[in-house]
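Under full-length UniProt numbering, residues 1 to 417 are what the sequence shown spells out, in order.
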Amino acid sequence: MVAEPVLAATDALRLAYHSVCGILNSLLQMVNDSLPSLDQVFNLKIFSILKSEDHPPPQPQEKTLDRLSKLIQDHKLAFISCFATSLTVSTYLLYNHINTPKLKNKLRRRVPKLANGARRDVVLVVGSPTEPMTRLIAVDFEKRGFIVYLTILDDKDYKYIQSNQITDDINYLNLVEDTYDAHLAKFRKILHVSVVPFPGADAHYLRLSAVVFAPTLYFPLGPLENMSEPGWQKLLFRLNVTTKLLCSGLLDIVREQESSIVAIVPSIVSSLRMPYHGPESVLQNSMKDIFTTLAKELRPQNINVTQVRLGNLNLATSKTGAAIGSDSVPTIVEAEIRLWSEEMRSAYGSDFLKSQAHLRPMGSSFKSKGLRELYHVLFDLIFNEGRSPSVVYCGTGARAYDRLVSFLPNSMSELIF
1 MVAEPVLAAT
11 DALRLAYHSV
21 CGILNSLLQM
31 VNDSLPSLDQ
41 VFNLKIFSIL
51 KSEDHPPPQP
61 QEKTLDRLSK
71 LIQDHKLAFI
81 SCFATSLTVS
91 TYLLYNHINT
101 PKLKNKLRRR
111 VPKLANGARR
121 DVVLVVGSPT
131 EPMTRLIAVD
141 FEKRGFIVYL
151 TILDDKDYKY
161 IQSNQITDDI
171 NYLNLVEDTY
181 DAHLAKFRKI
191 LHVSVVPFPG
201 ADAHYLRLSA
211 VVFAPTLYFP
221 LGPLENMSEP
231 GWQKLLFRLN
241 VTTKLLCSGL
251 LDIVREQESS
261 IVAIVPSIVS
271 SLRMPYHGPE
281 SVLQNSMKDI
291 FTTLAKELRP
301 QNINVTQVRL
311 GNLNLATSKT
321 GAAIGSDSVP
331 TIVEAEIRLW
341 SEEMRSAYGS
351 DFLKSQAHLR
361 PMGSSFKSKG
371 LRELYHVLFD
381 LIFNEGRSPS
391 VVYCGTGARA
401 YDRLVSFLPN
411 SMSELIF
């Protein structure tokens, strides 16, 4: 009784299965019949177009050189600008590489001593000991191992040395008591006398490594017509010191000792030739002209003459520099105007205040560089093994102002500066 329903169910399922399979087979056959054959696919219109003989042949591939040439022609201005910039940067880097003094012991920057520990190299610093930068340069030379001789130019310098000894290890060349020829003859004799540093040591001769002309940094401000005759005489005296030394036998000593000549010249004000800074512009530009000519004359004799053109240098700590920048300039300007006559104040007072309002003294710039850079430049020039450049720059803005003024027309420089 039970088997009959089961068999009936099984037969029903089998019949349903065969029915579904038949339906699926019929659907599959209908789909296959509706699809085109492979030959019909390749005979479609799109493939006929691709296979037609009227289709143009493929263009030959353009050469890389031709594509590059066409690109340059289409963007000529951009490529010229890029080429000019690259050439300028490359020339600048090559120029710096060639003109950088080459030293064997550049990192330490110490003067080599003799085998017995004695000093031999002498440097003559031409400048006034009353100038702070002159004293700092002389002291740095002494610390690095030079035998330093510092000039005394007038009675004021002599009195200063008597009451303010810089250091016991600096020697002085007094140019006041006798003629320049006589003093240079005595200095030359010192170089020709053998020296015994201590008992039992071998004798040796001193060697003049360099003559360094220290800068003058302090000048009167104001219009040229307000400059007094004694002020001009004092200014010309400093210029006269340089010319008298050059024509009184100093160059004979330099030639004999195979020494270098280095002149430190502040460059920013003299390059711009700023109004109310006439004395500084006159002296510094005269110094530039003297040493530019001297460098050309002595180059065939293998004597290095180099100008170190100064920009903005930090002569004090940052706090001191900030105080100077905010307070000192207005005070100096106001004090200067108070010394003028009523006629001068009426003619120049307002324009003078306007022109000096934006000025800051040396060392007041946030990005100004310290004196250490100047010390390194001087040392590298003295011990340079090759040909030294006739001009090097030290300090912020020195190169920029010098080059900018030389390229710009005078009328444009007056508008900008």
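Where is the CB? At the ideal position from N, CA and C, for every residue including glycine.
These numbers come from a predicted model, not from an experiment.
Any idea if residue i is buried or exposed, counting beta-carbon neighbours within 10 angstroms, 16 or more meaning buried?
| i | result |
| --- | --- |
| E142 | buried |
| E297 | exposed |
| M30 | exposed |
| L68 | exposed |
| A138 | buried |
| S86 | exposed |
| residue 418 | Not covered by the structure: residue 418. The range shown for the chain is 1 to 417. |
| S128 | buried |
| R309 | buried |
| D121 | buried |
| A182 | exposed |
| V176 | exposed |
| S271 | buried |
| F407 | exposed |
| residue 487 | In the structure as shown, the chain begins at 1 and stops at 417. Residue 487 is therefore absent and cannot be evaluated. |
| D252 | exposed |
| V405 | buried |
| I80 | exposed |
| E334 | exposed |
| T10 | exposed |
| E280 | buried |
| I268 | buried |
| L208 | buried |
| A12 | exposed |
| N304 | buried |
Taking just the CA atoms, how far does residue j sit from residue i?
| i | j | result |
| --- | --- | --- |
| D289 | Y276 | 21 angstroms |
| L283 | K70 | 57 angstroms |
| A322 | L114 | Below a pLDDT of 50, predicted positions are generally treated as unreliable, and A322, at 40, falls in that range; no measurement from the model is reported. |
| T293 | I161 | 34 angstroms |
| S260 | P300 | 14 angstroms |
| P132 | N226 | 27 angstroms |
| L381 | L206 | 19 angstroms |
| Y17 | I23 | 10 angstroms |
| T320 | D168 | At T320, the pLDDT of 36 sits below 50, so the modelled position is not reliable; the number obtained from the coordinates is stated separately. Distance between the alpha carbons of T320 and D168: 28 angstroms. |
| L224 | L94 | 43 angstroms |
| C394 | A185 | 34 angstroms |
| T306 | H204 | 29 angstroms |
| C247 | A263 | 16 angstroms |
| K156 | N174 | 12 angstroms |
| R135 | F352 | 32 angstroms |
| F383 | V392 | 15 angstroms |
| H376 | R338 | 41 angstroms |
| L191 | L124 | 12 angstroms |
| I324 | G145 | Note that I324 has pLDDT 44, beneath the 50 cutoff, so the model's placement of it is unreliable and the number below is only indicative. Each residue's alpha carbon lies about 33 angstroms from the other. |
| D178 | D154 | 11 angstroms |
| Q73 | T88 | 22 angstroms |
| L28 | S19 | 14 angstroms |
| residue 470 | G370 | Residue 470 lies beyond the range of the chain shown here (1 to 417); nothing can be said about it. |
| G386 | G349 | 51 angstroms |
| L313 | S90 | 28 angstroms |
| N285 | E256 | 29 angstroms |
| F237 | E336 | 23 angstroms |
| C278 | N116 | Residue identity check: residue 278 is Gly in the sequence provided, not Cys. The alpha-carbon atoms of G278 and N116 are separated by roughly 52 angstroms. |
| Y158 | N164 | 10 angstroms |
Could you have a look at residue i and say whether DSSP puts it in helix, strand or coil?
| i | result |
| --- | --- |
| Y401 | helix |
| I332 | helix |
| H277 | strand |
| N164 | coil |
| G370 | strand |
| R387 | coil |
| N174 | strand |
| N302 | coil |
| R14 | helix |
| T179 | coil |
| R309 | strand |
| V111 | coil |
| G325 | With a pLDDT of 47 at G325, under the threshold of 50, the modelled position of this residue cannot be trusted, and the question is left open. |
Inset, instruction - Entirely within the region 114-159 and at least 4 residues each: give me those alpha helix (DSSP H) ranges in chain order. - result: 132-143
Inset, instruction - Taking 8 angstroms as the threshold, find out whether the region 218-230 comes into contact with the region 145-154 through three or more Cβ pairs. - result: no
Legend entry - Inside the region 193-268 only - beta strand (DSSP E) runs reaching at least 3 residues: 207-213 and 260-266
Inset, instruction - Count the C-beta pairs between the region 234-248 and the region 193-210 that are closer than 8 angstroms, then say yes if the count reaches three, no if not. - result: no
Inset, instruction - Tell me, please, whether the region 334-344 touches the region 166-183 by the rule of three or more beta-carbon pairs shorter than 8 angstroms. - result: no
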